[in-house]
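Throughout, the working numbering is defined as the position within the sequence shown, counted from one, plus 104.
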Amino acid sequence: MSEKKDLQDCVEELRRERAQCSFDVEELTNIFDGGKELTARRREIVSHLAEHLICSDPAFKDEVPPEYLSHEDLYTNEVRKVTHLMRKLAEHNIPLREASITQVHSVLRDGNPLIVHTSMFANALASLANPKQQQQWVPLAEKNRIIGTYAQTEIGHGTFVRGLETTAIFDPETKEFVLHSPTITSTKWWPGGLGKTANAAIVMAQLYTQGKCYGPHPFFVQLRDFDTHHSLPGVILGEIGPRLGINSQDNGYLRFDHYRIPRTNMLMRHSQVLEDGSYVKPIHNKLSYGTMVWTRVAIVHSCSKKLACAVTIATRYSAVRHQSELVPGKPEPQILEYQTQQYKLLPHIASVFAILFSASSVLRMQRNVAASISKGNVELLPELHILSCAMKALSSQDSTQGIETCRLACGGHGYIASSGLPSLYTSTTCTITYEGENTVLLLQVARYLIKSYRAGLEGLPVLPSVMYLTAPSAMHQSPPLSNQALIEAFRISSANLVKETESRLCRQFNLEQNFHYAWNRCSVALVHCAELHSRYYMCEKFLSTVESIRASDRVRSVLQDLCRLYLIHHITLNQGHFLRVSPCSSPAPVLLETDR
């Protein structure tokens, strides 16, 4: 039986654990932050916020803990704090985009009520508005004269953007668009900030001109009077009520009753309607989806950070929590000594870096694609769209499951709100649904894989991330069970699973004589294809980053171990696929289990 411990004993125990670290913590911190300069900048902001704002300013104090507040009071309290925070950040010349990744969470514990305004709305103006429109609206948004939201999802349609029902019909006589919500299911539903905060929105609506529908397009729409904040005639809006989490947000609904806006309120960076009603199409039909792609990449990065928080809490808890007797009569050990606890936590530490490195890779690609688009080259846009779908689906799934595992690993203490784990879970699980429901996104990835596989068989060019589908035999021979060999096992398994599923799809088509019915009959297998391809991409980026990163031998060794753990963990979780469609011999999974 262990001696009774007080708080100081726990602190000393954590210090002893940290003292046993085998690598330079500062160096790994720099890698996690994205570089030494970014670590220094983060700490500078953290220190400044703590010294001059958070710790010293009574306006940031909560008279009542947020967990005890009603939904209404929580929203009011967070709006009060974020308004004060933005004033203070402006006084100290700290951009909100920098502060938001550091200490804002310590001030706004249940989310930032203005997050959609500072992220999606601002990005939509930057990527979808032409220079003249940006000159008109961006300064007002930066000064918070305009508080915006992004209104796309409707009661009837979310991920299926082409199914949106809100209409924007061009009236050539008045040179205006008439926005209308013709059905109950056309009601905009969910936009953050819409219920009470926003006075404007980027609205996605079906564009009609000269009697023809040209599909969903973005429009800048004023919703409330800029002085009185009352909703404008023809605009019906309100709040949808409390949710599972992030209740500082005022998610809302929106309907239009033949509401008129100027022609020039259509965001015209990529397409436009001329004064006579003529439609000028974009160079690529998915250019207007840029905001969604940007948001999905941001979700991937956010998932790595939230999972990192959860696994840090759970690992620290496991280092100071003593329970049971590993050996009868001996002191109760730290629960971190139990293999079952290590099995719960260590794979998720590895997953943090896998998600982080994948996010960095997609972010670099996004910047390259944006630069190419500005020069009129859209060749890589489909690949960026698919990779953002794949990584958003995988990272949101992994982080949500990982945070829940961390909560369970803390026993009853993980269930209490003060642990921080419940709020991490509720603020992460929503990422599985918003900005594209994961199953739908994975089916988009699967469609791209099948299309690319068939193109490769016909000798047509395919994009880099899927070249392996029709050339799996071109792989190098690596030492058995090495990290490179494990990556090759992922590659071969993914290629073979796509091949097998494509054959099954063809057989089903021969039976159904209808591609859409055949696709639905094979959809579970297609999702598995997309998941394995996405996992292969994440694994490959993890390993390639570890091999190319500038790091000391000790830090590189730790990252290599984490990468190996990640590879082995996901091979053993998917043994069925690997035994069925990969060249792994049957004892391999057993050896991998032992190695893990």
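For every residue, glycine included, the Cβ atom is placed at its ideal position computed from N, Cα and C.
Would you identify the three-state DSSP class for residue i, choosing helix, strand or coil?
i    : result
Y421 : helix
F682 : helix
C317 : strand
H334 : coil
Y312 : strand
E117 : helix
V253 : Checking the displayed sequence, the identity of residue 253 turns out to be Thr instead of Val. T253 falls in the strand class under three-state DSSP.
T270 : coil
E436 : coil
Q124 : coil
H673 : helix
S305 : The identity of residue 305 in the sequence shown is Ala, whereas the question assumes Ser. If DSSP states are grouped into helix, strand and coil, A305 belongs with the strands.
Q326 : strand
V339 : strand
V183 : helix
H284 : strand
D275 : strand
W294 : coil
E130 : helix
E441 : helix
A258 : Ala is not the amino acid found at residue 258; the sequence shown has Glu there. Correct three-state label for E258: strand.
P162 : helix
D137 : helix
V168 : coil
L142 : helix
T222 : helix
Are the CB atoms of residue i and residue j nearer to each other than 7 Å?
i    : j    : result
L528 : I507 : yes
R373 : A233 : yes
L671 : C643 : yes
R654 : N587 : no
A414 : C317 : no
I439 : R425 : yes
A304 : I344 : no
F360 : S285 : yes
M287 : E269 : Reading off the sequence shown, one finds Thr at residue 287, where the question assumed Met. Yes; because the gap between Cβ atoms is below 7 Å, this pair is in contact.
I306 : A228 : yes
E182 : S406 : no
E171 : A521 : yes
R364 : E487 : no
V220 : G319 : no
Y552 : I477 : no
H673 : P451 : yes
I350 : G215 : yes
G381 : Q310 : no
L298 : G356 : yes
V631 : L546 : yes
For my contact list, residue i and residue j are in at a C-beta cut-off of 8 Å; report their separation, rounded to the angstrom.
i    : j    : result
L460 : S408 : 4 Å
L153 : V186 : Their Cβ separation, rounded to whole angstroms, is 14 Å, which puts L153 and V186 out of contact at 8 Å.
V397 : Q470 : 7 Å
N273 : Y312 : Reading off the sequence, residue 273 comes out as Ile, not Asn. Between Y312 and I273 the Cβ distance is about 4 Å, and since that is below 8 Å, they are a contact.
I596 : V482 : Contact doesn't hold; Cβ gap of about 32 Å is too wide.
V662 : F127 : 5 Å
A423 : L118 : 6 Å
T399 : M224 : 6 Å
Taking all protein chains shown into account, do 16 or more other C-beta atoms lie within 10 angstroms of the C-beta of residue i, making it buried, or fewer, making it exposed?
i    : result
Q124 : exposed
R120 : exposed
E258 : buried
A578 : The pLDDT assigned to A578 is 46, lower than 50, so where the model puts this residue is not dependable; a value taken from the coordinates is nonetheless given after this. The residue is exposed, with fewer than 16 neighbouring Cβ atoms inside 10 Å.
G515 : exposed
D275 : exposed
F594 : buried
Y519 : exposed
S607 : exposed
H196 : exposed
T701 : For residue 701 there is no data in the structure shown, the boundaries of the chain being 105 and 700.
C610 : exposed
E592 : buried
E539 : buried
Y621 : exposed
N542 : buried
E176 : exposed
Is residue i close to chain C, meaning its C-beta is less than 7 Å from at least one C-beta of that chain?
i    : result
Y312 : Given the protein chain composition of this structure (a single chain), no chain C is represented.
Taking only runs of the alpha helix (DSSP H) that begin and end inside the segment 447-521, which ones reach a length of at least 4 residues, in chain order? 485-513
Runs of alpha helix (DSSP H) lying entirely within the segment 357-434, each at least 4 residues, in chain order: 394-424
Ranges of the alpha helix (DSSP H) found wholly within the segment 530-573, counting only runs of at least 4: Runs found: 542-561.
Taking only runs of the alpha helix (DSSP H) that begin and end inside the segment 601-680, which ones reach a length of at least 4 residues, in chain order? Secondary structure in the segment 601-680: the alpha helix (DSSP H) runs of 4 residues or longer, each lying completely within the stretch, are 619-625, 627-652, 657-677 in chain order.
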